[in-house]
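Notes follow the structure.
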Amino acid sequence: MPPFPVPPLALGMTFAQDYEHTYRRGTALLWTSRTTSPAFILALAREPARMRAAGYVHFIVGDRGMTAVWWPENCKLDDAEIAALQADVDALVAAEAAAVIEAAAAREVALAKLAAGTRAKAARLLPTLAELVSKGAWQLGRSLPEATELVAFSPLPDSSAWRVCELVSRAEATRARAETRLRQLAPEAWLKLAADPDVRAAALEGCRLLSALDQDRASKRNDLGWGQDDTGVGHLLAEREELTEREAAHALRLLHHHRRQLPAVIRSRAFDAAIQPGVLSL
Numbered sequence: 001m002p003p004f005p006v007p008p009l010a011l012g013m014t015f016a017q018d019y020e021h022t023y024r025r026g027t028a029l030l031w032t033s034r035t036t037s038p039a040f041i042l043a044l045a046r047e048p049a050r051m052r053a054a055g056y057v058h059f060i061v062g063d064r065g066m067t068a069v070w071w072p073e074n075c076k077l078d079d080a081e082i083a084a085l086q087a088d089v090d091a092l093v094a095a096e097a098a099a100v101i102e103a104a105a106a107r108e109v110a111l112a113k114l115a116a117g118t119r120a121k122a123a124r125l126l127p128t129l130a131e132l133v134s135k136g137a138w139q140l141g142r143s144l145p146e147a148t149e150l151v152a153f154s155p156l157p158d159s160s161a162w163r164v165c166e167l168v169s170r171a172e173a174t175r176a177r178a179e180t181r182l183r184q185l186a187p188e189a190w191l192k193l194a195a196d197p198d199v200r201a202a203a204l205e206g207c208r209l210l211s212a213l214d215q216d217r218a219s220k221r222n223d224l225g226w227g228q229d230d231t232g233v234g235h236l237l238a239e240r241e242e243l244t245e246r247e248a249a250h251a252l253r254l255l256h257h258h259r260r261q262l263p264a265v266i267r268s269r270a271f272d273a274a275i276q277p278g279v280l281s282l
C-alpha cells in the first residue's frame with residue numbers, strides 16, 4: 001500500500017485517479033491533473049530528483065498531451081521528507097513571485113525613465129520640427145499634415161513625444177540620402193556645361209521652380225514638379241544659395257528630364273549651350 005492515499009503536495013492543481021497506465025511490469029492507476037500549474041513546472045525544474053521520489057512526473061497521457069501525473073507506487077518519501085519538499089517548493093514559488101514583481105517594477109522604472117527622456121528630447125526637437133514644417137516640408141513628405149498638427153499642440157501630449165522624435169529622425173535621414181546622391185560623380189557632359197555661371201544660375205532657378213510646383217513631393221502625380229526618383233535631390237538643390245559646378249551638373253541632368261515644365265527663358269539659358277553631340281542624349 002503506498003504511503004499516501006492521495007497526491008501529498010499542494011501544487012495548485014486538482015488531481016483525479018483517472019488514468020490506467022500500461023508499462024513493462026503491468027498496469028498502474030495514476031492520478032492526473034487537467035491543468036499544469038507554474039508551481040508544478042517550477043518544482044520539476046528546480047527539484048527534479050525529489051519530485052520524482054515523491055511520485056510526480058510529467059509525460060504524455062493519451063490524446064491529452066503533456067500532463068501532470070502522480071504515480072502512487074513511485075512515491076518513496078515519508079511524511080517528514082514530503083513536508084520538507086513542500087516547504088522548499090513554497091519557498092521557490094514565493095521567490096519566483098517576488099522576482100516577477102521585482103522585474104515588473106524594474107520595467108516600470110525603465111519605461112518611466114525612457115518616457116521622460118523621450119519627452120525631454122521631443123521638447124528639444126519641436127523647434128526643429130516646426131522649422132521643417134515651414135521651410136523643409138519636402139523632408140517630411142506624406143507626414144507633413146501630422147507634423148503640422150504636432151507642432152500646433154500646446155503642451156505636447158506625452159503620447160506624441162516619440163512621434164516628434166521619429167519624424168525629425170526620418171526627415172534628417174531623407175536629407176542625408178539626398179546629400180549622398182549629390183556627392184556621386186557628376187555626369188561629365190553636364191559638368192562641362194555647368195562651368196558657365198549663367199547656366200548654374202538658370203539651373204538653380206529651375207530647381208526652385210519645380211520644387212514650388214512639387215507640393216505633394218511626387219506622392220500623387222509625377223507630371224507636376226519633381227518625380228519620385230529625384231524629388232529629394234531636387235528640393236535639396238533648390239535650397240542652395242548658389243550651385244557649385246558639380247551640383248549644377250546634377251541639377252541640369254534632372255531638369256533636362258523635366259524640361260517641358262520649365263519656362264522657355266530658363267530652358268534656353270540652361271540648355272541652349274548644350275546643343276552639341278553627346279549632351280542632350282544623356
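Counting with my numbering, you get residues 1 to 282 for the letters of the sequence shown.
Heads up, the beta-carbon is just placed ideally off N, CA and C, and yes, glycines get one too.
Predicted, not measured: the structure shown is a model, and the values here were computed from it.
{"query": "Grab the span of the alpha helix (DSSP H) containing serine 169 for me, first residue to last.", "result": "158-182"}
{"query": "Quick one: grab the DSSP three-state call for aspartate 18.", "result": "strand"}
{"query": "In the structure shown, what three-state DSSP assignment does methionine 51 receive?", "result": "helix"}
{"query": "Compare the beta carbon distance of leucine 150 and alanine 171 with 8 Å and say whether it is the shorter of the two.", "result": "no"}
{"query": "If distances are taken between C-alpha atoms only, which option among Arg177, Ala10 and His235 comes closest to alanine 84?", "result": "Ala10"}
{"query": "DSSP state of aspartate 31, grouped into three classes?", "result": "Strictly speaking, residue 31 in this sequence is tryptophan, with aspartate absent from that position. Three-state DSSP puts tryptophan 31 in a strand."}
{"query": "Using the C-alpha atoms, what's the distance from glutamine 261 back to valine 279?", "result": "Residue confidence is low: valine 279 scores 49 on pLDDT, short of 50, so the model does not pin down where it sits. Its coordinate-derived value is still stated next. Looking at the two C-alpha atoms, the distance is approximately 19 Å."}
{"query": "Can you tell me the Cβ-Cβ gap for leucine 204 and leucine 243, rounded? I've got them flagged as a contact below 8 Å.", "result": "5 Å"}
{"query": "So does the segment 38-46 actually touch the segment 16-24, counting three or more Cβ pairs closer than 8 Å?", "result": "no"}
{"query": "I'd like the span of the alpha helix (DSSP H) that includes valine 286, first residue to last.", "result": "With the chain running from 1 to 282 in the structure shown, residue 286 is simply not present."}
{"query": "In whole angstroms, give me the CA-to-CA distance for arginine 269 and arginine 259.", "result": "12 Å"}
{"query": "Taking only runs of the beta strand (DSSP E) that begin and end inside the segment 64-146, which ones reach a length of at least 3 residues, in chain order?", "result": "66-70"}
{"query": "DSSP on phenylalanine 59, reduced to helix/strand/coil?", "result": "strand"}
{"query": "Would you tell me roughly how many angstroms separate the C-alpha atoms of valine 57 and threonine 27, rounded to the nearest one?", "result": "16 Å"}
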